[in-house]
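In the UniProt record's numbering, the protein residues as written are 1 to 272.
Below, the structure written as structure tokens:
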């Protein structure tokens with residue numbers, strides 16, 4: 001018998017987090033995927049196997065680059081979050097895991113240590129859940145393998161309670177702090193966010209989004225030529241340190257376009 005498996009259902013970054021629609025689209029997509037990677041990193045470290053259900057073709061490469069071990073599974077038909085989580089539950093049961101933890105994908109303050117403590121605290125409960133910070137939704141559901149019965153979305157805290165799941169009392173706020181709005185993110189930043197989300201944070205808030213054009217000099221991994229200069233679409237010339245670049249960027253040349261966040265004086269994170 002194995003121990004605890006975990007499962008997350010993820011939408012492609014391009015269509016997730018629609019309620020963050022006030023943000024520029026490139027920043028909303030980047031934030032969505034960064035929060036997901038922080039969530040998945042914590043789950044992978046705290047459980048014996050992580051299953052990610054979804055249809056994003058870019059996710060496998062992103063997980064590999066982030067060093068996150070996970071089994072990727074296509075979204076089932078009919079689609080939907082609960083069907084996806086039930087698929088992961090079934091796969092983990094077939095692999096003889098004894099417990100399954102299902103989670104939403106937007107818990108950027110989640111840590112492995114907090115999850116491990118939760119699993120110890122709830123070890124004797126056949127089925128339990130953590131309500132989100134509003135008390136309306138659910139962020140985490142834990143059950144004996146094969147008995148997950150996920151009822152996420154909508155008033156899911158009530159739905160899980162009515163289906164017999166026990167609410168976890170006095171849950172660490174990092175377990176319940178999902179992000180559906182910019183205001184939610186402001187609150188979560190105060191708890192401390194994971195490494196991926198942190199690249200978009202300046203001080204105690206989300207950095208300001210800019211798009212920019214590389215002005216020069218260029219660099220590649222071999223020559224280590226140092227800081228780049230970019231010109232934002234509003235005409236401001238700003239430095240872009242190599243340390244602020246997305247690790248997947250291997251080459252930048254004058255004229256290339258980048259997305260970035262700024263603290264007002266410099267670009268702190270940039271991606272293609």
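By construction, the Cβ of each residue, glycine as well, lies at the ideal position given by its N, Cα and C atoms.
Please read these numbers as outputs of a predicted model, since none were measured by experiment.
Let me know the secondary structure DSSP gives residue 270 once reduced to three states.
Translated into positions along the chain shown, residue 270 becomes position 270. Residue 270 falls in the strand class under three-state DSSP.
Using CA atoms only, rank isn't needed, just tell me which of 214, 180 and 63 is closest to residue 272.
Translated into positions along the chain shown, residue 272 becomes position 272. Taking only the C-alpha atoms, the option nearest residue 272 is 214.
Between which residues of its own chain and residue 77 is the CB-CB distance below 7 Å, once the five residues before and five after are set aside?
Start at 1 with the first residue of the chain shown, and residue 77 comes out as number 77. So no residue of the chain qualifies.
How many Å lie between residue 241 and residue 124 at the Cα?
Here the question's residue 241 lines up with position 241 in the chain shown. Here the question's residue 124 lines up with position 124 in the chain shown. Going from the Cα of residue 241 to the Cα of residue 124 covers about 50 Å.
Does the count of Cβ pairs from the region 141–152 and the region 86–93 closer than 8 Å reach three?
Contact holds: three or more Cβ-Cβ distances are below 8 Å.
Taking residue 189 as part of the beta strand (DSSP E), name the residues at either end of that continuous run.
Working through the chain shown from its first residue, we reach residue 189 at position 189. First-last for residue 189: 182–189, but that is the alpha helix (DSSP H), not the beta strand (DSSP E).
I need the straight-line Cα distance from residue 57 to residue 44, nearest angstrom please.
Counting from one through the chain shown, the residue named residue 57 turns up at place 57. Counting from one through the chain shown, the residue named residue 44 turns up at place 44. Roughly 20 Å separates the two Cα atoms.
To the nearest angstrom, how far is the alpha carbon of residue 118 from that of residue 157?
The sequence position of residue 118 within the chain shown is 118, counting from 1. The sequence position of residue 157 within the chain shown is 157, counting from 1. For residue 118 and residue 157, the distance between alpha carbons rounds to 17 Å.
Could you say if the region 65–73 and the region 20–36 meet the contact criterion of at least three C-beta pairs nearer than 8 Å?
Flag = no, the region 65–73 and the region 20–36 do not touch.
Within a Cβ cutoff of 6 Å, which residues of the same chain sit near residue 267, ignoring the five residues on either side of it in sequence?
To locate residue 267, count along the chain shown from 1; it is residue 267. Excluding sequence neighbours, residue 267 sits near 238, 240, 244 and 260.
Going by beta-carbon coordinates alone, are residue 200 and residue 190 separated by less than 8 Å?
Here residue 200 is taken as the residue at index 200 of the chain shown, counted from 1. Here residue 190 is taken as the residue at index 190 of the chain shown, counted from 1. No, they are not a contact pair.
In angstroms with no decimal places, state the Cα-to-Cα distance between residue 160 and residue 8.
Residue mapping note: residue 160 aligns to position 160 of the chain shown, counting from 1. Residue mapping note: residue 8 aligns to position 8 of the chain shown, counting from 1. Spanning the two alpha carbons is a distance of roughly 17 Å.
So what's residue 58 in DSSP terms, helix, strand or just coil?
Position 58 of the chain shown holds residue 58. Note: residue 58 maps to coil in three-state DSSP.
For a test of the three-state rule: what should DSSP assign to residue 156, helix, strand or coil?
Counting from one through the chain shown, the residue named residue 156 turns up at place 156. In the structure shown, residue 156 sits in a helix (DSSP, three-state: H, G or I).
Are three or more beta carbon pairs between the region 169–183 and the region 228–235 nearer than 8 Å?
No contact exists between the region 169–183 and the region 228–235.
Can you give me the start and stop residues for the beta strand (DSSP E) that residue 76 sits inside?
Residue 76 sits at position 76 when you count from the first residue of the chain shown. Segment: none, residue 76 is in no beta strand (DSSP E) and carries neither H nor E.
State buried or exposed for residue 172, treating a residue as buried only when at least 16 other CB atoms are found within 10 Å of its CB.
Taking the first residue of the chain shown as 1, we reach residue 172 at position 172. So residue 172 counts as buried.
Mind reading off the beta-carbon distance from residue 12 to residue 55? Whole number of angstroms is fine, and I expect it under 8 Å.
As a first step, residue 12 must be located in the chain shown, where it is residue number 12. As a first step, residue 55 must be located in the chain shown, where it is residue number 55. Confirmed, about 7 Å.
If we count the other Cβ atoms within 10 Å of its Cβ and call it buried at 16 or more, is residue 32 buried or exposed?
Here residue 32 corresponds to residue number 32 of the chain shown, with the count starting at 1. Buried: at least 16 other Cβ atoms inside 10 Å.
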